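Read through the structure below, which is laid out as structure tokens, and then see the notes.
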Amino acid sequence: MKYGDKIIKMEGVIVEVTDGAVAIDLKGRLGYLKVPMRMLITDYPLKVGQEVAWNMSFVEQIGPDVNEKYISNLDTYKKRQEEMREKNSKEES
Amino acid sequence: MSITAETAKEHAKDPAVLCCRREAGTVISASDLEDPAIFDDLVDSGLLNLDGALTIEQVIGAKLTETRDSLNPITADVVEGAKVVAEAEDEPADIPAGEGTPTAAPQAPIPTMAGPGGVLKIHIGEGKDINLEIPVGGLGNGVPAALPQSADMVGSAEAAISAPEVAGEEKVVRTLTRKHFNITEVKRGPETKIEGTTLYIREGIEAECVENQKLVTDLKLEIITPADYHTYSETIMDVQPIATKEEESEVGSGVTRVLDGVIMMVTGTDANGVQIGEFGSSEGYLDENIMWGRPGCPEKGEIFIKTQVTIKEGTNMERPGPLAAHTATDIITQEIREVMKKLEESLVVETEEFKQIRRPGKKKIVIVKEIMGQGAMHDNLLLPVEPVGILGGKPNVDLGNVPVAVSPLEVLDGCVHALTCIGPASKEMSRHYWREPLVLEALHDPEVDLCGVIFVGSPQINAEKFYVSRRVGMMVEALDVDGAFVTTEGFGNNHIDFAAHHEEIGKRGIPVVGLSFCAVQGALVVGNKYMTAMVDNNKSESGIENEVLGCNTLCHEDALRALAMLKAAIAEADIKGAEKKWNPNVKSTNIELVSNVTGQPIELVENEQSLPMSQKRKEKYD
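Protein sequences, first through last, are from chains A and B. Here the first sequence is numbered in our numbering, starting from 39 and rising by one per residue. Here the second sequence is numbered in our numbering, starting from 191 and rising by one per residue.
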């Protein structure tokens with residue numbers, strides 16, 4: 039990585055807490071982050087609205103190529119979700 | 191900041207650097223010197239150049255001949271009266287080095303312990319004629335000053351080194367028999383049964399699984415033979431042995447029946463198609479995503495009975511969701527178990543016997559296994575009625591994650607039904623415990639007396655982490671052991687309690703060896719002075735979570751290194767400090783050292799490079 043050394047303190051707000059994960063909005067509408075519980079260090083019980091901070095850097099591309107494997111996984115995943123949505127709506131009607 | 195005389199002694203061999211401006215004529219003492227723990231960062235950032243610096247032990251008491259500013263190393267030309275310390279010989283080659291890449295808290299630096307030369311050889315006549323080589327430095331001034339040098343520490347050191355052990359009679363506490371039944375084909379049929387080596391699973395059983403669990407809306411059953419390995423699968427949540435207890439046997443003793451050649455595999459999504467293991471991401475072609483033969487993984491050639499469970503939308507991240515997926519799958523397993531109970535003895539192809547042996551007089555050790563307990567998919571069912579079953583098992587999250595003592599045979603008999611689903615490369619699945627390498631190696635090592643295994647959950651909140659950690663400390667103290675292992679799976683906030691367990695055990699004067707995936711991505715987030723002996727479970731080429739199931743889990747090679755390291759630590763041999771950055775060569779050196787001592791080569795397992803090269807790895811990681 040070319041710019042890996044630049045560490046920036048980021049802040050965010052917890053917007054969702056489940057049994058397994060926490061979702062965070064980056065302050066300033068800079069993005070959204072959802073991480074499993076174990077990736078958070080917590081001194082207090084987690085609550086929506088708590089502010090959090092972490093160090094990170096910018097995201098860099100590794101190269102220009104597209105990884106077909108991920109494309110195929112993503113397609114399968116989307117297709118399955120569509121099928122399920124269809125099935126769910128049929129069941130409801 | 192200046193250092194104390196005590197710190198100066200710990201860092202006697204480290205470079206001497208002034209902490210503040212000092213005038214010519216100053217007689218140098220510890221209070222004039224900077225803490226060597228911060229040097230690495232300063233050198234990295236170019237603020238400090240240690241070329242030609244004398245060591246702390248050389249300069250203390252010497253007189254500064256020139257006025258120097260802070261952060262200037264003290265070199266021979268600016269002092270008079272520097273001590274000439276006998277040149278230390280090359281560091282003894284038989285000191286295992288810590289493999290983790292611990293980031294020490296500034297106030298508790300990991301001591302660098304380079305021992306001076308000279309080797310004391312001890313020959314232990316019993317067992318397999320094992321020669322321990324302990325640096326002589328380890329007996330006296332080389333004892334890491336960071337360790338509490340309480341009277342009983344010294345006492346135990348003497349016991350370890352001078353007094354030959356009086357070995358008592360070996361005692362078999364209990365035994366566990368595994369009867370293996372071979373399965374070569376799995377088919378669907380009108381009823382669940384086993385005929386010869388063919389397992390039939392009742393058609394329509396899926397409906398009952400769905401019926402049984404409120405949260406489960408659909409369940410598909412797939413039979414994956416080796417010819418089908420190249421098929422797409424959702425994230426693999428768990429791999430489980432199919433095993434059952436014979437009548438009146440309990441998990442951990444008596445007789446267990448197990449099917450060879452076939453395993454259960456749990457996968458699933460919620461009704462919106464979102465992976466239950468949302469963060470697991472081992473989805474894709476099975477043959478590109480499974481590290482065959484890892485303790486927790488399938489063996490190449492095995493048939494998978496794979497369920498794809500659909501649970502109610504949005505429940506994938508709540509605790510009942512994943513549990514429902516596992517429970518629904520277990521209905522199929524349970525039906526197979528019932529059939530297995532009635533199988534003819536003549537179908538047994540192999541009988542294995544595990545003995546839990548206590549070896550009084552040998553070094554008593556305990557294994558502390560840290561398991562996840564942060565919430566959904568960070569949970570485990572402990573001690574179900576059937577091996578890796580559901581019924582009777584208690585989630586360790588509900589038990590408050592407090593330490594639970596089990597026998598090594600209970601571990602090997604499936605007392606853990608793992609619900610963890612995060613970090614595919616490092617998670618310990620149910621089958622991992624069934625074949626847990628550290629438990630097996632410690633149990634079979636005639637030089638140690640394994641007294642038990644302690645499971646402790648890793649809660650989410652720090653205060654709870656320290657609560658359970660203090661219980662671990664008390665439990666280990668009560669066991670009165672000579673040494674302990676602490677293992678954990680994966681990385682994240684569980685490394686906070688991992689460190690706390692080391693401290694709780696270490697501060698009681700008990701040597702402790704830690705095992706975890708660290709390498710690059712899992713670098714420890716906290717550290718303390720007791721975390722010196724570490725074994726890294728990493729196998730991946732680049733030291734990262736490579737999305738290949740089971741790749742970076744604890745294997746036999748890690749168990750052997752850990753055992754050798756604990757024996758060395760008990761004998762108070764020095765363990766070199768870990769290097770600042772992850773260096774895979776440390777592991778290979780340690781492997782070589784261990785095989786030199788035992789005379790037996792250690793076979794290393796393969797890593798992801800042995801799998802069919804998926805585009806993903808080719809482009810992303812290599």
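Glycine residues also receive a C-beta, built at the ideal position from the N, C-alpha and C atoms. Quick caveat: nothing in here was measured; it's all calculated off a predicted structure.
Should residue i go down as buried or exposed, given a rule of 16 or more other Cβ atoms within 10 Å for buried?
i                : result
Gly242 (chain B) : exposed
Met39 (chain A)  : exposed
Glu98 (chain A)  : exposed
Met664 (chain B) : exposed
Val725 (chain B) : buried
Gln650 (chain B) : buried
Val362 (chain B) : exposed
Gln339 (chain B) : At Gln339 (chain B), the pLDDT of 30 sits below 50, so the modelled position is not reliable and the matter cannot be decided from this model.
His622 (chain B) : buried
Met191 (chain B) : exposed
His634 (chain B) : exposed
Val596 (chain B) : buried
Leu794 (chain B) : exposed
Glu49 (chain A)  : exposed
Asp639 (chain B) : buried
Ser352 (chain B) : With a pLDDT of 42 at Ser352 (chain B), under the threshold of 50, the modelled position of that residue is not reliable, and the figure given next carries that caveat. The residue in question, Ser352 (chain B), is exposed, as its Cβ has fewer than 16 Cβ neighbours within 10 Å.
Gln546 (chain B) : buried
Gly87 (chain A)  : exposed
Tyr70 (chain A)  : exposed
Pro292 (chain B) : In this predicted model, Pro292 (chain B) has a pLDDT of only 49, less than 50, meaning its place in the structure is not dependable enough to derive any value.
Val662 (chain B) : buried
Thr421 (chain B) : exposed
Cys764 (chain B) : As written in the sequence, residue 764 (chain B) is Asp, which differs from the Cys given in the question. The residue is buried, with at least 16 neighbouring Cβ atoms inside 10 Å.
Glu440 (chain B) : exposed
Per the DSSP calculation, residue i is bridged to which residue(s)?
i                : result
Asn93 (chain A)  : A:Lys47
Pro83 (chain A)  : Bridge partners of Pro83 (chain A): none, in fact.
Tyr475 (chain B) : B:Tyr422
Gln465 (chain B) : B:Thr459
Leu366 (chain B) : B:Gly444 and B:Phe544
Glu129 (chain A) : According to DSSP, Glu129 (chain A) bridges with nothing at all.
Ile414 (chain B) : B:Phe494
Gly66 (chain A)  : Bridge partners of Gly66 (chain A): none, in fact.
Asp428 (chain B) : B:Val456
Asn372 (chain B) : B:Asp450
Val558 (chain B) : B:Ile644 and B:Val676
Lys199 (chain B) : None; Lys199 (chain B) has no bridge partner.
Asp843 (chain B) : For residue 843 (chain B) there is no data in the structure shown, the boundaries of chain B being 191 and 812.
Arg392 (chain B) : B:Gly379
Ser192 (chain B) : B:Glu224
Glu385 (chain B) : B:Thr388
Assuming residue i and residue j form a contact by the criterion Cβ under 8 Å, report the distance between their Cβ atoms to the nearest whole angstrom.
i                : j                : result
Gly463 (chain B) : Arg118 (chain A) : 5 Å
Gly704 (chain B) : Asp603 (chain B) : With 8 Å as the limit, Gly704 (chain B) and Asp603 (chain B) do not qualify as a contact, their Cβ atoms being about 26 Å apart.
Glu769 (chain B) : Phe688 (chain B) : Incorrect: roughly 19 Å between the Cβ atoms, too far for contact.
Lys153 (chain B) : Val671 (chain B) : No statement about residue 153 (chain B) is possible, as the shown extent of chain B runs from 191 to 812 and does not include it.
Glu618 (chain B) : Leu753 (chain B) : With 8 Å as the limit, Glu618 (chain B) and Leu753 (chain B) do not qualify as a contact, their Cβ atoms being about 19 Å apart.
Val456 (chain B) : Val400 (chain B) : No, Val456 (chain B) and Val400 (chain B) are not in contact; Cβ-Cβ is about 15 Å, not under 8 Å.
Ser620 (chain B) : Gln430 (chain B) : 4 Å
Pro598 (chain B) : Glu737 (chain B) : Not confirmed; about 31 Å, so no contact.
Leu449 (chain B) : Phe544 (chain B) : No, Leu449 (chain B) and Phe544 (chain B) are not in contact; Cβ-Cβ is about 18 Å, not under 8 Å.
Gly271 (chain B) : Gly251 (chain B) : 7 Å
Met46 (chain A)  : Lys85 (chain A)  : The question names Met, but residue 46 (chain A) in the sequence shown is Ile. About 26 Å; that fails the 8 Å criterion.
Gly563 (chain B) : Gly511 (chain B) : Going by Cβ atoms, the distance from Gly563 (chain B) to Gly511 (chain B) rounds to 17 Å, so no, they are not a contact pair.
Gly642 (chain B) : Val556 (chain B) : 6 Å
Run the proximity test for residue i: is its beta-carbon closer than 7 Å to any non-hydrogen atom belonging to the ligand NAD?
i                : result
Ile580 (chain B) : This structure does not include the ligand NAD; it has no bound ligands of any sort.
* Are three or more beta carbon pairs between the segment 405-418 of chain B and the segment 500-517 of chain B nearer than 8 Å? -> yes
* When Cβ atoms are compared, which residues of the segment 421-440 of chain B fall closer than 8 Å to chain A? -> Tyr422
* **Proximal residues, the segment 47-61 of chain A versus chain B, C-beta separation under 7 Å** => Thr56, Asp57, Gly58 and Ala59
* Asked: Do three or more CB pairs link the segment 93-108 of chain A to the segment 580-594 of chain B at distances below 8 Å?
  -> no
* To do: Take every Cβ of the segment 487-499 of chain B, pair it with every Cβ of the segment 200-207 of chain B, and state whether three or more of those distances are shorter than 8 Å.
  => no
* Of the residues that make up the segment 653-670 of chain B, which ones have a beta carbon closer than 8 Å to any beta carbon in chain A? -> Ala653
* Positions along the segment 496-528 of chain B whose CB lies within less than 7 Å of some CB in chain A -> Met507, Glu508 and Arg509
* To do: Select from the segment 72-94 of chain A all residues with a C-beta closer than 9 Å to any C-beta belonging to chain B, and list them in chain order.
  => Lys72, Val73, Pro74, Met75, Arg76, Met77, Leu78, Ile79, Thr80, Asp81, Tyr82, Pro83 and Leu84
* Chain-ordered residues of the segment 697-729 of chain B with a beta carbon less than 8 Å from chain A -> Val715
* To do: Quick one: which residues of the segment 239-261 of chain B get their C-beta closer than 7 Å to a C-beta of chain A? List them in chain order.
  => none
* May I ask you to verify whether the segment 683-703 of chain B touches the segment 714-730 of chain B, counting CB pairs closer than 8 Å and requiring at least 3? => yes
* Identify each residue in the segment 566-579 of chain B for which the Cβ-Cβ distance to at least one residue of chain A is less than 8 Å, and report them in chain order. => Ala566, Met567 and His568
* Asked: Does the count of Cβ pairs from the segment 416-430 of chain B and the segment 372-386 of chain B closer than 8 Å reach three?
  -> no
* Residues in the segment 593-624 of chain B having any Cβ partner in chain A nearer than 7 Å -> Ile612
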